[in-house]
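Enquirer: Got a structure for you, questions after.
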Amino acid sequence: MTVVVVESPSKAKTINKYLGKDYTVLASYGHVRDLPPKDGSVRPDEDFAMSWEVDGKSAKRVSDIAAALKDTDRLILATDPDREGEAISWHVLEILKKKGALKGKEIDRVVFNAITKQSVLEAMKHPRQVDVALVDAYLARRALDYLVGFTLSPVLWRKLPGSRSAGRVQSVALRLICDRELEIEAFRAQEYWTIDGAFTSPRGDAFAARLAAIDGKRLGKLDIGNEASATAIVSALKGAHFAIDSVESKPVKRHPYPPFRTATLQQEASRKLGFSSAKTMQVAQRLYEGVNIGGEVTGLITYMRTDGVDLAGEAIAATRNAILKRFGEPYLPSVPRKYTTKAKNAQEAHEAIRPTDLFRFPENVRRILDPDQMALYELIWKRTIASQMESAEIERTTADIGAKGNDGKAYSFRATGSVVKFDGFLKLYQEGLDDEEDEDSRRLPALARGDGVGVKSITPEQHFTEPPPRYSEASLIKKMEELGIGRPSTYTAIFSVLRDRGYVRVDKKRLVPEDKGRLVTAFLEAFFKRYVEYDFTANLEEQLDRISNGEIDWKAVLRDFWLDFTGAVGEIQELRITNVLDALNEILGPHVFPERADGQPARTCPSCSNGQLSLKLGKFGAFVGCSNYPDCRFTRQITPGNGEGEAVPAEGLLIGHDPETGQPVTRRDGRFGPYLQLGEAAEGEKPRRASIPKKTDPASIDLETALRLLSLPRDVGVHPETGKPIVANFGRFGPFILHDGTYATLSDPEEVYTVGLNRAVTLLAEKKEKSANRKRPGALKDLGQHPDGGPVHVMSGRYGAYVKWGKINATIPAGKEPEETTLEEAVILLAARAGKGKAKKAAKPRAAKAPAKKAPAKKAAAKRAKKATSPDEVSA
Numbered sequence: 107m108t109v110v111v112v113e114s115p116s117k118a119k120t121i122n123k124y125l126g127k128d129y130t131v132l133a134s135y136g137h138v139r140d141l142p143p144k145d146g147s148v149r150p151d152e153d154f155a156m157s158w159e160v161d162g163k164s165a166k167r168v169s170d171i172a173a174a175l176k177d178t179d180r181l182i183l184a185t186d187p188d189r190e191g192e193a194i195s196w197h198v199l200e201i202l203k204k205k206g207a208l209k210g211k212e213i214d215r216v217v218f219n220a221i222t223k224q225s226v227l228e229a230m231k232h233p234r235q236v237d238v239a240l241v242d243a244y245l246a247r248r249a250l251d252y253l254v255g256f257t258l259s260p261v262l263w264r265k266l267p268g269s270r271s272a273g274r275v276q277s278v279a280l281r282l283i284c285d286r287e288l289e290i291e292a293f294r295a296q297e298y299w300t301i302d303g304a305f306t307s308p309r310g311d312a313f314a315a316r317l318a319a320i321d322g323k324r325l326g327k328l329d330i331g332n333e334a335s336a337t338a339i340v341s342a343l344k345g346a347h348f349a350i351d352s353v354e355s356k357p358v359k360r361h362p363y364p365p366f367r368t369a370t371l372q373q374e375a376s377r378k379l380g381f382s383s384a385k386t387m388q389v390a391q392r393l394y395e396g397v398n399i400g401g402e403v404t405g406l407i408t409y410m411r412t413d414g415v416d417l418a419g420e421a422i423a424a425t426r427n428a429i430l431k432r433f434g435e436p437y438l439p440s441v442p443r444k445y446t447t448k449a450k451n452a453q454e455a456h457e458a459i460r461p462t463d464l465f466r467f468p469e470n471v472r473r474i475l476d477p478d479q480m481a482l483y484e485l486i487w488k489r490t491i492a493s494q495m496e497s498a499e500i501e502r503t504t505a506d507i508g509a510k511g512n513d514g515k516a517y518s519f520r521a522t523g524s525v526v527k528f529d530g531f532l533k534l535y536q537e538g539l540d541d542e543e544d545e546d547s548r549r550l551p552a553l554a555r556g557d558g559v560g561v562k563s564i565t566p567e568q569h570f571t572e573p574p575p576r577y578s579e580a581s582l583i584k585k586m587e588e589l590g591i592g593r594p595s596t597y598t599a600i601f602s603v604l605r606d607r608g609y610v611r612v613d614k615k616r617l618v619p620e621d622k623g624r625l626v627t628a629f630l631e632a633f634f635k636r637y638v639e640y641d642f643t644a645n646l647e648e649q650l651d652r653i654s655n656g657e658i659d660w661k662a663v664l665r666d667f668w669l670d671f672t673g674a675v676g677e678i679q680e681l682r683i684t685n686v687l688d689a690l691n692e693i694l695g696p697h698v699f700p701e702r703a704d705g706q707p708a709r710t711c712p713s714c715s716n717g718q719l720s721l722k723l724g725k726f727g728a729f730v731g732c733s734n735y736p737d738c739r740f741t742r743q744i745t746p747g748n749g750e751g752e753a754v755p756a757e758g759l760l761i762g763h764d765p766e767t768g769q770p771v772t773r774r775d776g777r778f779g780p781y782l783q784l785g786e787a788a789e790g791e792k793p794r795r796a797s798i799p800k801k802t803d804p805a806s807i808d809l810e811t812a813l814r815l816l817s818l819p820r821d822v823g824v825h826p827e828t829g830k831p832i833v834a835n836f837g838r839f840g841p842f843i844l845h846d847g848t849y850a851t852l853s854d855p856e857e858v859y860t861v862g863l864n865r866a867v868t869l870l871a872e873k874k875e876k877s878a879n880r881k882r883p884g885a886l887k888d889l890g891q892h893p894d895g896g897p898v899h900v901m902s903g904r905y906g907a908y909v910k911w912g913k914i915n916a917t918i919p920a921g922k923e924p925e926e927t928t929l930e931e932a933v934i935l936l937a938a939r940a941g942k943g944k945a946k947k948a949a950k951p952r953a954a955k956a957p958a959k960k961a962p963a964k965k966a967a968a969k970r971a972k973k974a975t976s977p978d979e980v981s982a
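Residue numbers (our numbering): 107 to 982.
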């Protein structure tokens, strides 16, 4: 019997079927241990020693692997074929070594690029050892991310309250998003005009051309800058005779795109299918792990985390055969196409993403895939097939049409057209949106030099320059790739962290930086500029790639980085908050203090008129306040409030009046975000208020929406079993219903206003059943019922494993495997513990202590900071 370890249970089940009864395939369920999220997990003073922690669930899974190894003499590690997969295999080995489970065992590592029977069986014939260089690269990356996160984040907490964390790659990606927003805000639209002509050929065929030159000088985009200039040109061309000055045609070849790698798949799935990067990878994972075909689970695509763009020899041969069968000989190049990538990391050796069987045409699997899987599979199949097809042959034609204006100037219009002579790969695949107009399908009529042409109209058209667009996930991935930042497995995690931290939001599939994100970026640019520079981050990525290739020592890279980094952090420790605010006011000035419509200086307080506005730091983050505080209490959020660049004053912005009471409904900015208020505060009474839900744009709220929100919470009805009320409302985590202390989430925000009693009762019952079935957190093993009644559990605790019965906890002695503890042993341990508890109770009570003095505010704050949750860092 041979034990095989893979990551996921679905893979384990499939691969076990391929290998047969002589193999036991077990899943690690991803990583089996990680760096504990606390200070000291990476210790630079001990040559970057690292402490790893195994959680309760992983401990049980590794124990299952160790138990299975008792009856075998061979272990095969078959985790994914990338750095993370290599690291998982290494972690499993390290834990098993500590358990003494590997004595006398043969240990092999195998990798396969696809979960098909042929790929798996072939991989088993070519075992190797764990790649130490890949593991070193993983260790260096984890150490770097940990050290940056756990060193920078506390600085942020102290100097920029309300900030969550900083990260080595995360912060650079955020800077890209914020820099683009600065470009957009600094942009000033410029007017320009074009002159378009509608002409007819000598045979009467219509075609269009645009003014391209005047007196032989080529026109720039902004050269016709106003209506007067455009009108003068149109007037000069009235009654002019137009003739063909030149016609030039030349053949052009368009070559197919390479097969997909991770980044290009994410980009194209975003453009064509509207998938986020996370959704693309989730769907691709399901296609990789396989579907049931003819009673056997088979992977449909190769591994989807790769920088490689080439195909294996047998895949190229299969692709060419599929082209021949589907499209015929004209579409098959005489020589197979070879693609290379500029990426310099170990994953370059992997194949591109492709179907495992090129003859598994999309229509053959449509009935066994859901719509998302089908759409992505078809996209991958088309791109793979197209990559080996013949080039498209296009004839491009340019015609210049000249005329002498009545102002004596020579005017030249240019018309362009293209004719596809042979469609080649375009028959199957075009990059970009499917509904885009095909620029290669525009034709020009037959034209010859000297031909006179008819003029139907000469039309001026006004345009304005546009700012650069905000990044989408796809365009940001492309930009990060160009800069050499991040790797295939990190992009999705980076976007997730930026959203979860509240640093960016997604609006119409575009990434918009939140004020919190802009503050963090400005702070890092002001005081840690080197560590958010694109070149510096790209250079670190290159060093990690060199480690994975075995070219440099990973600890030498860490030493060089840490020496400079700690120096930079040390300089900031003594920084005063006033210095931070001055820097932020300077960097974010145009955003925080935009020009005022009344012509007053941007930083003049709109409330007292003689104070200066400045960023202030409070317990919950930054806000704008007046320098005359406390005499002037004007405050607002960083972004001026109503979507039109004006501040939300303390008295709020009027939305309308309640038709029932006549009271004003206003939108206001509070320390916890924007909210709505009905009327004003009366003596001894607070006005009715309602928070604006997170994903709702405050500027979009009209009177009807405001009154609906102010009407909450809504009484749904009385629960038929308890007789207690059920209410619906919005909360911190979205829409919900509440009954007798039990919350149930509503899937649609609109349900807050529409959910009925029957559905509410059903949701509450489902929530109750789900809670009852939820496994006790930290439980490693259920031992059964105690002789005196009640369940006994083996638990994973902060200080080690213990057994639990009711309110009694008893520590499991050192050296005893927690999972091997029996019910009888647990009962003895619990009885001993219960006896100690009674003895303590019977002991003479100590003299009462004097009440403790209240800790000073600074000490209490320090205590809270020490207990604060450590930042989560992207494993980039």
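Glycine residues also receive a C-beta, built at the ideal position from the N, C-alpha and C atoms.
1. Which of helix, strand or coil does DSSP assign to Glu501?
2. Rounded to the nearest angstrom, what separates Gly592 and Ala940 at their Cα positions?
3. Since Glu297 contacts Gly273 with CB under 8 Å, what's their CB separation in whole angstroms?
4. Is the beta carbon of Ile320 less than 7 Å from the beta carbon of Tyr517?
5. Return helix, strand or coil for Pro461, following the three-state DSSP convention.
6. At which residues does the beta strand (DSSP E) containing Phe313 begin and terminate?
7. Sort Thr504, Glu587, Pro187 and Met230 by Cα distance to Ala554 and report the nearest one.
8. Which value, in whole angstroms, describes the spacing of the CA atoms of Glu677 and Val626?
9. At which residues does the alpha helix (DSSP H) containing Val441 begin and terminate?
10. What whole-angstrom Cβ distance do Thr386 and Leu371 have, given they're in contact under 8 Å?
11. Could you check which residue in Gly906, Leu175, Lys800 and Lys144 has the C-alpha nearest to that of Asp606?
12. Taking the alpha-carbon positions, what's the Glu113 to Ala133 distance?
13. If you draw a straight line from the C-alpha of Thr811 to the C-alpha of Arg795, how long is it?
14. Within 8 Å, do at least three Cβ pairs link the region 456 to 471 to the region 351 to 367?
15. What residues in its chain sit with their C-beta under 8 Å from that of Cys714, if we drop five residues either side in the sequence?
16. With Gly837 as the anchor, note down where its beta strand (DSSP E) starts and where it stops.
17. Identify whether Gln235 lies in helix, strand or coil by the three-state DSSP scheme.
18. Kindly list the residues whose CB is nearer than 7 Å to the CB of His361, restricted to its own chain and excluding five residues on each side of it in sequence; keep chain order.
19. What are the boundary residues of the beta strand (DSSP E) that includes Phe519?
20. Thr404 bridges to which residues according to DSSP?
21. Answer yes if the region 278 to 285 comes into contact with the region 630 to 638, meaning at least three C-beta pairs across the two stretches below 8 Å, and no otherwise.
22. Have a look at Lys359, Leu582 and Gly558 and flag the residue whose alpha-carbon is nearest the alpha-carbon of Arg286.
23. Whole angstroms is fine: what's the gap from Asp541's alpha carbon to Gly837's?
24. Just the C-alpha distance for Gly779 and Glu827, rounded to the nearest angstrom, thanks.
25. Using the C-alpha atoms, what's the distance from Asp513 back to Asp302?
26. With distances taken from CA atoms, which of Phe528, Asp153, Lys204 and Val216 is nearest Gly921?
27. Thinking just about the alpha-carbon of each residue, which of Asp413, Gly656 and Asp659 is nearest to the one in Thr596?
28. Let me know the secondary structure DSSP gives Tyr609 once reduced to three states.
29. What do you reckon, are the CB atoms on Leu784 and Pro793 nearer than 7 Å?
30. For Gln536, does the three-state DSSP call read helix, strand or coil?
31. With C-beta atoms as the reference, is Thr672 less than 7 Å away from Ala384?
32. Within a Cβ cutoff of 6 Å, which residues of the same chain sit near Gly126, ignoring the five residues on either side of it in sequence?
33. If we count the other Cβ atoms within 10 Å of its Cβ and call it buried at 16 or more, is Ile221 buried or exposed?
34. Do you know offhand how far Thr408's Cα is from Asn219's?
35. Assign His197 to one of three DSSP states: helix, strand, or coil.
36. Can you list, in chain order, the residues of its chain whose CB lies under 6 Å from that of Ala184, leaving out five sequence neighbours each side?
Expert: So, to answer that:
1. As a working mapping, residue 501 is identified with position 395 in the sequence shown. Note: Glu501 maps to strand in three-state DSSP.
2. What you label residue 592 is simply residue 486 of the sequence shown in a count that begins at 1. What you label residue 940 is simply residue 834 of the sequence shown in a count that begins at 1. Rounded to whole angstroms, Gly592 to Ala940 spans 54 Å at the Cα level.
3. Residue 297 sits at position 191 when you count from the first residue of the sequence shown. Residue 273 sits at position 167 when you count from the first residue of the sequence shown. 43 Å between Cβ atoms; not a contact.
4. Your numbering for residue 320 matches position 214 in the sequence shown. Your numbering for residue 517 matches position 411 in the sequence shown. Result yes, Cβ atoms of Ile320 and Tyr517 sit closer than 7 Å.
5. Here residue 461 refers to the residue found at position 355 when the sequence shown is read from its first residue. It is a strand residue.
6. On the sequence shown, residue 313 is found 207 positions in, with the first residue counted as 1. Residues Ala312 to Ile320.
7. Locating residue 554 in the sequence shown gives position 448, where the first residue counts as 1. Here the closest residue by C-alpha is Thr504.
8. For the purposes of this step, residue 677 is taken as residue 571 along the sequence shown, with counting starting at 1. For the purposes of this step, residue 626 is taken as residue 520 along the sequence shown, with counting starting at 1. Taking the straight line from one Cα to the other gives about 18 Å.
9. For the purposes of this step, residue 441 is identified with residue 335 of the sequence shown, where counting begins at 1. Under the DSSP assignment, Val441 falls outside any alpha helix (DSSP H); it carries neither an H nor an E label.
10. Position 280 of the sequence shown holds residue 386. Position 265 of the sequence shown holds residue 371. Their Cβ separation, rounded to whole angstroms, is 6 Å, which keeps Thr386 and Leu371 in contact under 8 Å.
11. Within the sequence shown, residue 606 is the residue found at index 500, counting from 1. Of Gly906, Leu175, Lys800 and Lys144, the residue nearest in Cα terms is Lys800.
12. Position 7 of the sequence shown, counted from the start, is the residue given in the question as residue 113. Position 27 of the sequence shown, counted from the start, is the residue given in the question as residue 133. Each residue's Cα considered, the two are about 5 Å apart.
13. Here residue 811 is taken as the residue at index 705 of the sequence shown, counted from 1. Here residue 795 is taken as the residue at index 689 of the sequence shown, counted from 1. Thr811 and Arg795: Cα-Cα distance of roughly 13 Å.
14. yes
15. The residue given as residue 714 occupies position 608 in the sequence shown. Contacts found: Cys732, Asn734, Asp737, Cys738 and Phe740.
16. The residue you call residue 837 lines up with position 731 of the sequence shown. Element bounds for Gly837: Pro831 to Gly837.
17. Taking the first residue of the sequence shown as position 1, residue 235 is located at position 129. Note: Gln235 maps to coil in three-state DSSP.
18. Residue numbering aside, residue 361 sits at position 255 when the sequence shown is read from its first letter. If we look at His361 and ignore the five residues flanking it on each side, its Cβ neighbours are Ser497.
19. Numbered from 1 along the sequence shown, position 413 holds the residue referred to as residue 519. First-last of the beta strand (DSSP E) with Phe519: Ala516 to Phe528.
20. As a first step, residue 404 must be located in the sequence shown, where it is residue number 298. Beta-bridge pairing links Thr404 to Val397.
21. Contact between the region 630 to 638 and the region 278 to 285 is present, because at least three Cβ pairs lie under 8 Å.
22. One-based indexing of the sequence shown puts residue 286 at position 180. Selected option, being the one with the closest Cα: Leu582.
23. Within the sequence shown, residue 541 is the residue found at index 435, counting from 1. Within the sequence shown, residue 837 is the residue found at index 731, counting from 1. The pLDDT assigned to Asp541 is 36, lower than 50, so where the model puts this residue is not dependable; a value taken from the coordinates is nonetheless given after this. For Asp541 and Gly837, the distance between alpha carbons rounds to 41 Å.
24. Start at 1 with the first residue of the sequence shown, and residue 779 comes out as number 673. Start at 1 with the first residue of the sequence shown, and residue 827 comes out as number 721. Computed Cα separation, rounded: 38 Å.
25. The residue you call residue 302 lines up with position 196 of the sequence shown. The residue you call residue 513 lines up with position 407 of the sequence shown. Rounded to the nearest angstrom, the two C-alpha atoms are 19 Å apart.
26. Walking along the sequence shown from the start, residue 921 turns up at place 815. The candidate whose alpha carbon is nearest that of Gly921 is Lys204.
27. Locating residue 596 in the sequence shown gives position 490, where the first residue counts as 1. The residue with the shortest Cα to Cα distance from Thr596 is Asp413.
28. The residue you call residue 609 lines up with position 503 of the sequence shown. Coil at Tyr609, not helix or strand.
29. Your numbering for residue 784 matches position 678 in the sequence shown. Your numbering for residue 793 matches position 687 in the sequence shown. If you check the CB distance, Leu784 and Pro793 come in under 7 Å.
30. Stepping through the sequence shown from its first residue, residue 536 is reached at position 430. Coil.
31. Looking up residue 672 in the sequence shown gives position 566. Looking up residue 384 in the sequence shown gives position 278. No, these two residues do not count as a Cβ contact at 7 Å.
32. Position 20 of the sequence shown, counting from 1, holds the residue named residue 126. So the list is empty, once near-sequence residues are dropped.
33. One-based indexing of the sequence shown puts residue 221 at position 115. By the 10 Å Cβ count, Ile221 comes out buried.
34. The sequence position of residue 408 within the sequence shown is 302, counting from 1. The sequence position of residue 219 within the sequence shown is 113, counting from 1. The straight-line gap from Cα to Cα measures roughly 5 Å.
35. For this step, residue 197 is matched to residue 91 along the sequence shown. Helix, per DSSP.
36. Taking the first residue of the sequence shown as position 1, residue 184 is located at position 78. Excluding residues within five positions, the ones whose Cβ falls inside 6 Å are Val110, Val112 and Val216.
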